[in-house]
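Scroll down for the structure; my scribbles are underneath it.
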Amino acid sequence: MPPGFSRAAPSARRKNSPEVITSRDNRALKLFRTALRDSGAPHERLGMEGPHLIKEAIRAGLALKTILVSESGARHIDQIPIPRSEDAGGPTPRILHTTDRLFAAVSGTETPQGIAALVDT
Numbered sequence: 001m002p003p004g005f006s007r008a009a010p011s012a013r014r015k016n017s018p019e020v021i022t023s024r025d026n027r028a029l030k031l032f033r034t035a036l037r038d039s040g041a042p043h044e045r046l047g048m049e050g051p052h053l054i055k056e057a058i059r060a061g062l063a064l065k066t067i068l069v070s071e072s073g074a075r076h077i078d079q080i081p082i083p084r085s086e087d088a089g090g091p092t093p094r095i096l097h098t099t100d101r102l103f104a105a106v107s108g109t110e111t112p113q114g115i116a117a118l119v120d121t
């Protein structure tokens with residue numbers, strides 16, 4: 001796990017502390033897996049992987065709902081202009097952190113970049 005992340009229960013976490021996913025059975029990981037891997041089928045959420053696609057989605061005005069970042073993908077998070085609720089007029093995207101191994105299990109690419117996002121369709 002990246003330094004400084006807490007594995008405490010949600011009620012025990014401080015507000016705005018990173019959410020860390022450590023289980024492959026996590027509901028959010030299942031949503032990412034479906035959105036990133038199941039091409040062709042209509043879904044509630046559109047998944048995109050990689051910092052460039054996420055930046056382009058933000059530039060296009062899409063409202064990111066959730067961002068998933070792996071240990072190695074954490075280097076990309078500072079390069080992405082994540083809209084804050086006070087800037088965009090909508091909610092700030094939820095940011096989830098996980099291990100490289102769990103990220104690779106949901107990724108739709110051969111060489112995951114460690115960062116993905118979901119938007120509502």
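Here the sequence shown is numbered in the numbering used here, starting from 1 and rising by one per residue.
Where a beta carbon is used, it is the ideal one built from N, C-alpha and C, also for glycine.
Item                                                                                         : Value
Backbone secondary structure at Asp100 - three-state DSSP                                    : helix
Distance, Asp120 Cα to Glu44 Cα                                                              : 6 Å
Contact with chain C by Arg45, beta-carbon distance below 8 Å                                : Of the protein chains in this structure there is only one, and it is not chain C.
Cβ distance (whole Å) where Ile95 is taken to contact Ile67 below 8 Å                        : 5 Å
Cutoff 8 Å; reference Ala57; Cβ partners in own chain excluding five residues on either side : Met48, Leu64, Ala117 and Val119
Every unbroken beta strand (DSSP E) inside the stretch 37-71 [3 residues or more]            : 45-49 and 64-70
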